[in-house]
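Residue numbering for the sequence shown follows my numbering, starting at 166 and increasing by one per position.
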Amino acid sequence: MSVRIVEPGSDVEEPELPDRESWRPISRILFRFGLVYFGLFALLTQVILEFPGVATWWGPIAVRGPRPVVEWVGRTVFDAEVVYRESGSGDTAYDWVLLFCVLVTAITVTAVWSILDRAHTEYRTAAGWLLVFLRVCLAGTMLSYGFVKAFPVQMPPPSLTRLLEPFGDLTPMAVLWSQVGVSPMYERLLGIAEISCGVLLLVPRTTVAGAVSSVIGAAQVWILNLTYDVPVKILSFHVLLMALVLAAPEARRITAVLAGKAVGPSTVPQPFRNSAQRRVVAGIQVGLLLWLVVSGTVNGLVAWQQRESRSEFYGIWEVDAFTRDGQPVPALLGDGTRWRRLVFDQRGTADIQTMDDRFRPVRAEISARRLTLRWWDASDSAAPWAIFTVEHPAPDRLRLNGEADGQPVTMELSRFDADRFTLRRSGFHWINEFPNNRCSSGRPACPTPTVSSAR
């Protein structure tokens, strides 16, 4: 038997290993299933769309391609009309039926593949490429998750309207968003941690650390989505699943490190035949990383600037006097037609709170001394719901005179100082004589309540 010596780093192809071990049948089946399942899931869901620019050209294909099949399966199998909608939710009925279709397709293809390809006893090269693919997909998702938190735009500080809502009226998801948004620094640290996972995954020498870190980070996201009913359960579960698949081949070495034992060489399948190929793929990964970091930074800055665009009349405005058809309308609790507050937060939007404490979001156009209000679902060409002439006699006073819902309306409004809310002014303290999580107790450490007018 002849032996060929290959110098490290040379471009000579490594010889085929004659004693290459055969995989067990279950390993071959799992590989076939994983290749089809993760491939379809990544290409047909938002995993691939997380990459900058991809959504523009691939998004329509990923949506229109499977739609007829998904709708047919919904009607035939589940007896339900499933409709694709861009609602911001990742757990719509359409998404669940699509996932079912991906699962059934993967099982079918795996079965046929296993019957027709019984001669193959291992797929080490293909498995290596699958791991590279999963690593790139996972890194893109973790970086996307991270940048929207590093420039805290995913969970912004509680809006003025949120400050007025009773805690008991909030959904679990709203509680989570507010809890994180109250502390922008905490949100930034969460984002930096997720960005670090993506960076470690795409740097060749730190991929194992990236996989382990991603398991921890993805598990936290998935658990939060489950326990706070955040509609990203499908995606977050698959992010965790991809991280576990990447970490699984290194499980023995990871366990040995944690146990303080010696660690042998990695046995993870690799798709490369020589060091030149490894360098090329490593360079591509680093280039992809730089592209994702630059794109994420630019997009994060733009989103942050847009979110910080405040309305010209920013603030909570209490309606002190309300006149309709020339007749004063008293501020009676439960009256769903009499305005209680008008809240201006982000530019182009407003919220009307009526005396029954319901909030009605509207689009607000402010130009010179004119305020135009339209319902969110109304087109730009539709007639405005309300038009007012605005007088601003003092920084904390507004007077609106015009028409709302076809009736003449006049209002006198005064600005409520939102910084009087305890949530905004409690701040940070190194020294606390008493815990301040029960300020209604009247302890000296609790701020004096001054927001009775906000009710």
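Even for Gly, the Cβ is constructed at its ideal location relative to N, Cα and C.
Could you give the C-beta distance for residue i and residue j, rounded to a whole number, given that I count them as a contact under 8 Å?
i    : j    : result
D516 : T326 : 5 Å
A468 : F316 : 7 Å
G293 : P436 : 3 Å
R505 : V494 : Not really, about 11 Å apart at Cβ, beyond 8 Å.
D584 : I399 : Wrong, their Cβ atoms sit about 40 Å apart, outside the cutoff.
A486 : E577 : 4 Å
P518 : S476 : Checking the displayed sequence, the identity of residue 518 turns out to be Gln instead of Pro. The Cβ separation is near 16 Å, so there is no contact.
L308 : G363 : 4 Å
P323 : G346 : 6 Å
M338 : V395 : 5 Å
S187 : T286 : 4 Å
P190 : L296 : Actually they do not touch by this definition, with Cβ atoms about 21 Å apart.
Determine the direct distance from the alpha carbon of residue j to that of residue i, and round the result to whole angstroms.
i    : j    : result
V377 : G592 : 35 Å
A258 : E251 : 12 Å
V555 : R535 : 6 Å
L208 : M407 : 14 Å
G607 : F206 : Below a pLDDT of 50, predicted positions are generally treated as unreliable, and G607, at 47, falls in that range; no measurement from the model is reported.
A416 : R528 : 54 Å
V201 : A271 : 5 Å
A447 : F478 : 52 Å
D256 : K426 : 43 Å
S546 : Y249 : 26 Å
V445 : K314 : 32 Å
T432 : P414 : 8 Å
L423 : A383 : 21 Å
L389 : T273 : 33 Å
T537 : W550 : 8 Å
V219 : L264 : 21 Å
G623 : T275 : Past the boundaries of the shown model lies residue 623; the chain is included only from 166 to 620, so the question cannot be answered.
L268 : R197 : 13 Å
G461 : V410 : 26 Å
F298 : G199 : 11 Å
A412 : S379 : 9 Å
I226 : F312 : 26 Å
F216 : R370 : 23 Å
V514 : L565 : According to the sequence provided, residue 514 is Thr. The question's Val does not apply to it. Near 17 Å, if we compare the C-alpha coordinates of L565 and T514.
V459 : G224 : 22 Å
P180 : S440 : The predicted position of P180 is uncertain, since its pLDDT is 42 and thus under 50; no value can be drawn from it.
G465 : V318 : 8 Å
G239 : Q450 : 39 Å
In terms of residue numbering, what span does the beta strand (DSSP E) encompassing residue i cover?
i    : result
Q518 : T514 to T519
L498 : Note, L498: premise wrong, no beta strand (DSSP E); not H, not E.
A551 : A551 to A559
V573 : It should be pointed out that residue 573 corresponds to Pro in this sequence rather than to Val. Segment Q572 to F581, the beta strand (DSSP E) holding P573.
T537 : R535 to W540
N566 : R562 to A569
F265 : No beta strand (DSSP E) contains F265, which is instead part of the alpha helix (DSSP H) from A258 to L281.
A383 : Here A383 belongs to no beta strand (DSSP E); instead the alpha helix (DSSP H) covers T372 to T392.
A529 : F524 to S532
R506 : W504 to Q511
Between which two residues does the alpha helix (DSSP H) holding residue i run?
i    : result
H403 : K398 to A412
S309 : R289 to A315
E352 : P349 to L367
R197 : P190 to L209
W237 : R232 to T241
W342 : P337 to G346
W223 : V219 to R229
A421 : A416 to L423
R589 : T587 to R590
R327 : L325 to L329
Take the Cβ of residue i as the centre, count every other Cβ of all protein chains shown within 10 Å, and call the residue buried at 16 or more, exposed below.
i    : result
S361 : buried
L563 : buried
N597 : exposed
P560 : exposed
R169 : Unreliable positioning characterises R169 in this predicted model, as indicated by a pLDDT of 40, which lies under 50. The coordinate reading is nonetheless provided below. So R169 counts as exposed.
I481 : buried
R193 : buried
H557 : exposed
I213 : buried
M320 : buried
H594 : exposed
L588 : exposed
L628 : No answer is possible for residue 628: the residues shown for the chain start at 166 and end at 620.
E352 : buried
T221 : exposed
L455 : exposed
Q471 : exposed
L457 : buried
F599 : exposed
Complete alpha helix (DSSP H) runs within the segment 437 to 498 (minimum length 4 residues, chain order):
440 to 472
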